[in-house]
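Note that the protein sequences, when read in sequence, are chains G and E.
Letter 205 of the first sequence, counting from 1, is numbered 235 in the numbering used here, and no numbers are missing.
Letter 151 of the second sequence, counting from 1, is numbered 181 in the numbering used here, and no numbers are missing.
Backbone N, C-alpha and C define an ideal beta-carbon position, used for all residues, glycine too.
Here the structure is a predicted model, which is why all the values come from computation and not from measurement.
Beneath this line is the structure, given in structure tokens, with notes to follow.
2 protein chains.
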Amino acid sequence: MSITITAFEDSPDRGRGLARDMRVRWALEELGLAYDVRLLSFEEMKRPDYLALQPFGQIPSYVDDGLVLFESGAIVLHLAQSRTGLLPVDPNARARAVAWMFAALNTVEPPVFEWSMATVLEREKPWHADRLPMLEGRVHDRLQQLSAWLGESEWLEGAFSAADLLMVTVLSRLGNSHLLAEWANLTAYVSRGVARPAYRRAFADQLAVFEAASARKRS
Amino acid sequence: MSITITAFEDSPDRGRGLARDMRVRWALEELGLAYDVRLLSFEEMKRPDYLALQPFGQIPSYVDDGLVLFESGAIVLHLAQSRTGLLPVDPNARARAVAWMFAALNTVEPPVFEWSMATVLEREKPWHADRLPMLEGRVHDRLQQLSAWLGESEWLEGAFSAADLLMVTVLSRLGNSHLLAEWANLTAYVSRGVARPAYRRAFADQLAVFEAASARKRS
Numbered sequence: 031m032s033i034t035i036t037a038f039e040d041s042p043d044r045g046r047g048l049a050r051d052m053r054v055r056w057a058l059e060e061l062g063l064a065y066d067v068r069l070l071s072f073e074e075m076k077r078p079d080y081l082a083l084q085p086f087g088q089i090p091s092y093v094d095d096g097l098v099l100f101e102s103g104a105i106v107l108h109l110a111q112s113r114t115g116l117l118p119v120d121p122n123a124r125a126r127a128v129a130w131m132f133a134a135l136n137t138v139e140p141p142v143f144e145w146s147m148a149t150v151l152e153r154e155k156p157w158h159a160d161r162l163p164m165l166e167g168r169v170h171d172r173l174q175q176l177s178a179w180l181g182e183s184e185w186l187e188g189a190f191s192a193a194d195l196l197m198v199t200v201l202s203r204l205g206n207s208h209l210l211a212e213w214a215n216l217t218a219y220v221s222r223g224v225a226r227p228a229y230r231r232a233f234a235d236q237l238a239v240f241e242a243a244s245a246r247k248r249s
Numbered sequence: 031m032s033i034t035i036t037a038f039e040d041s042p043d044r045g046r047g048l049a050r051d052m053r054v055r056w057a058l059e060e061l062g063l064a065y066d067v068r069l070l071s072f073e074e075m076k077r078p079d080y081l082a083l084q085p086f087g088q089i090p091s092y093v094d095d096g097l098v099l100f101e102s103g104a105i106v107l108h109l110a111q112s113r114t115g116l117l118p119v120d121p122n123a124r125a126r127a128v129a130w131m132f133a134a135l136n137t138v139e140p141p142v143f144e145w146s147m148a149t150v151l152e153r154e155k156p157w158h159a160d161r162l163p164m165l166e167g168r169v170h171d172r173l174q175q176l177s178a179w180l181g182e183s184e185w186l187e188g189a190f191s192a193a194d195l196l197m198v199t200v201l202s203r204l205g206n207s208h209l210l211a212e213w214a215n216l217t218a219y220v221s222r223g224v225a226r227p228a229y230r231r232a233f234a235d236q237l238a239v240f241e242a243a244s245a246r247k248r249s
């Protein structure tokens, strides 16, 4: 049995670990599973043979012994449900952790992603300054609610789980912005997540891909 | 064992079935499960006792014999994984259907929701006309890829599943817009979904809530 995922040959995040293969790499490292990475150019991601694996032409995809998956959330959930270590064993606690996985991707990520994309793609537009308070307000509201839930806890629900893995990757997109810095407990939560040995191994691996691409461009 | 979900006392979508309780109602109807609905005002949704159930002050929440869940995607997944009828039995086919659940909520819904919110909240803003092609372009790209995947198939992966349930509710947000009408197979797909008896029962139930609220306001 051999796992292969896909990732950007030359990540637009410049190795900051924000591309969605990072979530899957981290989960695989937490579970101690070996995997191969197939690197793709932007052109290759839009070709019919890749669209057959990943209908939206995105990374990552996941292939394991005949099973083909896509969507980083679904891949992390599959790994967490089919192995031990990333979800509680008790059925109710497990369902709660899965609820937090969806909260990370469906309630917290959309305003974070919208803010993040606007600051990149619309920064020079005449309306950006007028829209920014609205975008920041949406992020602020979600972080306030998340901070209130987390309180002084180490993780969202008991022990570290796939929910924390996803939530930390979502919050990481806020980087050093004032939006995250406002919440000391969330800043500490992200720090705890990225300090995990599995995160650090996954981060180093995706950074090495970016650095190799940069070296090829220079030579 | 008794299931209770929460929903808007007075839905901002005016009974069009776009609020996220619709997904859970539809899943419960597909599975033939009885449930109660606790209706909430906007004020009640932000109170501490409700935030203990739903940390982001949203609907729906789900309570079943000591298990408290939130996030419509997580609730539908929990129902689908703990009962028979909304996911394939074969493990690989089941993982594929779950991947499509994430695709509906994490890849298709964000641009649809962003477009939908902008057309409501930013319609009068001086920049709306300039931004609209970008927002429509993002929706267009996703629908093009989805349409290519669906082809002439009836559902996303074999038989109707929780993935179709979520995807149909996401596409329904596009209503009669030209964005959806451009894709005949997606229009037919949504029509097949909303023609299901379980959808129609769920829709009628949420509409009755809205109509009761309207009648109270008139009297």
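Helix or strand or just coil, what does DSSP make of residue i?
i: Ala-232 (chain G); result: helix
i: Arg-68 (chain G); result: strand
i: Thr-114 (chain G); result: coil
i: Leu-63 (chain E); result: coil
i: Ala-37 (chain G); result: strand
i: Asp-95 (chain E); result: coil
i: Phe-100 (chain E); result: strand
i: Pro-121 (chain E); result: helix
i: Ile-89 (chain G); result: coil
i: Leu-186 (chain G); result: coil
i: Ala-148 (chain G); result: helix
i: Ala-49 (chain E); result: coil
i: Asn-206 (chain E); result: coil
i: Leu-81 (chain E); result: helix
i: Gly-181 (chain E); result: coil
i: Arg-248 (chain E); result: helix
i: Trp-56 (chain G); result: helix
i: Asp-43 (chain E); result: coil
i: Ser-221 (chain G); result: helix
i: Pro-140 (chain G); result: helix
i: Pro-163 (chain E); result: helix
Is it buried or exposed for residue i, if we count other Cβ within 10 angstroms and need 16 for buried?
i: Val-150 (chain E); result: exposed
i: Phe-72 (chain E); result: exposed
i: Thr-34 (chain E); result: exposed
i: Asn-136 (chain E); result: buried
i: Asp-120 (chain G); result: exposed
i: Ala-148 (chain G); result: buried
i: Arg-172 (chain G); result: buried
i: Arg-102 (chain E); result: Per the sequence presented here, residue 102 (chain E) reads as Ser, with Arg not at that position. Buried.
i: Leu-201 (chain G); result: buried
i: Leu-58 (chain G); result: buried
i: Gly-205 (chain G); result: exposed
i: Leu-63 (chain G); result: exposed
i: Ala-134 (chain E); result: buried
i: Ser-191 (chain E); result: buried
Quick check: residue i and residue j, are their CB atoms within less than 8 Å of each other?
i: Gly-188 (chain E); j: Ala-232 (chain E); result: no
i: Leu-117 (chain G); j: Ala-110 (chain G); result: yes
i: Ala-37 (chain E); j: Leu-69 (chain E); result: yes
i: Val-138 (chain E); j: Leu-162 (chain E); result: no
i: Arg-203 (chain E); j: Ser-146 (chain E); result: yes
i: Ala-238 (chain G); j: Glu-39 (chain G); result: no
i: Trp-56 (chain E); j: Tyr-219 (chain E); result: no
i: His-170 (chain G); j: Leu-209 (chain G); result: yes
i: Trp-130 (chain E); j: Met-75 (chain E); result: no
i: Pro-140 (chain E); j: Phe-143 (chain G); result: yes
i: Thr-217 (chain E); j: Ala-225 (chain E); result: no
i: His-158 (chain G); j: Glu-152 (chain G); result: yes
i: Arg-222 (chain G); j: Glu-182 (chain G); result: no
i: Asp-19 (chain G); j: Gln-236 (chain G); result: Past the edges of chain G, shown from 31 to 249, lies residue 19 (chain G), and the structure says nothing about it.
So residue i and residue j are supposed to be a Cβ contact under 8 Å. How far apart are they, rounded?
i: Pro-85 (chain G); j: Ile-105 (chain G); result: Actually they do not touch by this definition, with Cβ atoms about 14 Å apart.
i: Ala-193 (chain G); j: Ala-127 (chain G); result: 5 Å
i: Leu-61 (chain E); j: Arg-113 (chain E); result: 5 Å
i: Asp-66 (chain E); j: Ser-32 (chain E); result: 7 Å
i: Gly-115 (chain G); j: Phe-240 (chain G); result: About 28 Å; that fails the 8 Å criterion.
Could one say the Cβ of residue i lies closer than 8 Å to chain A's Cβ atoms, at least one of them?
i: Trp-185 (chain E); result: No chain A is present in this structure, whose protein chains are G and E.
Hey, is residue i close to the ligand GDP, as in C-beta under 7 Å from one of its heavy atoms?
i: Leu-196 (chain G); result: Annotation note on the ligand GDP: not contained in the displayed structure, which lists no ligands.
- Output, in sequence order along the chain, the residues in the segment 97-118 of chain G whose CB is closer than 9 Å to any CB in chain E. Leu-97, Val-98, Leu-99, Phe-100, Glu-101, Ser-102, Gly-103, Ala-104, Ile-105, Leu-107, His-108, Gln-111 and Ser-112
- Item | Residues of the segment 135-153 of chain G whose Cβ lies closer than 9 Å to any Cβ of chain E, in chain order | Leu-135, Asn-136, Thr-137, Val-138, Glu-139, Pro-140, Phe-143, Glu-144, Leu-151 and Glu-152
- Taking a cut of 8 Å between CB atoms, which residues from the segment 206-228 of chain E lie near chain G? none
- Near-chain G residues of the segment 80-95 of chain E (beta-carbon distance less than 8 Å), N- to C-terminal order: Leu-81, Pro-85, Phe-86, Gly-87 and Gln-88
- Message: Under 8 Å, CB to CB, which of the residues in the segment 167-196 of chain E have a partner in chain G?
- Response: Arg-172, Gln-175, Leu-176, Ala-178 and Trp-179
- Message: To be precise: take each residue of the segment 40-64 of chain E, compare its Cβ to all Cβ atoms of chain G, and keep it if any distance is under 9 Å. Which residues remain?
- Response: none
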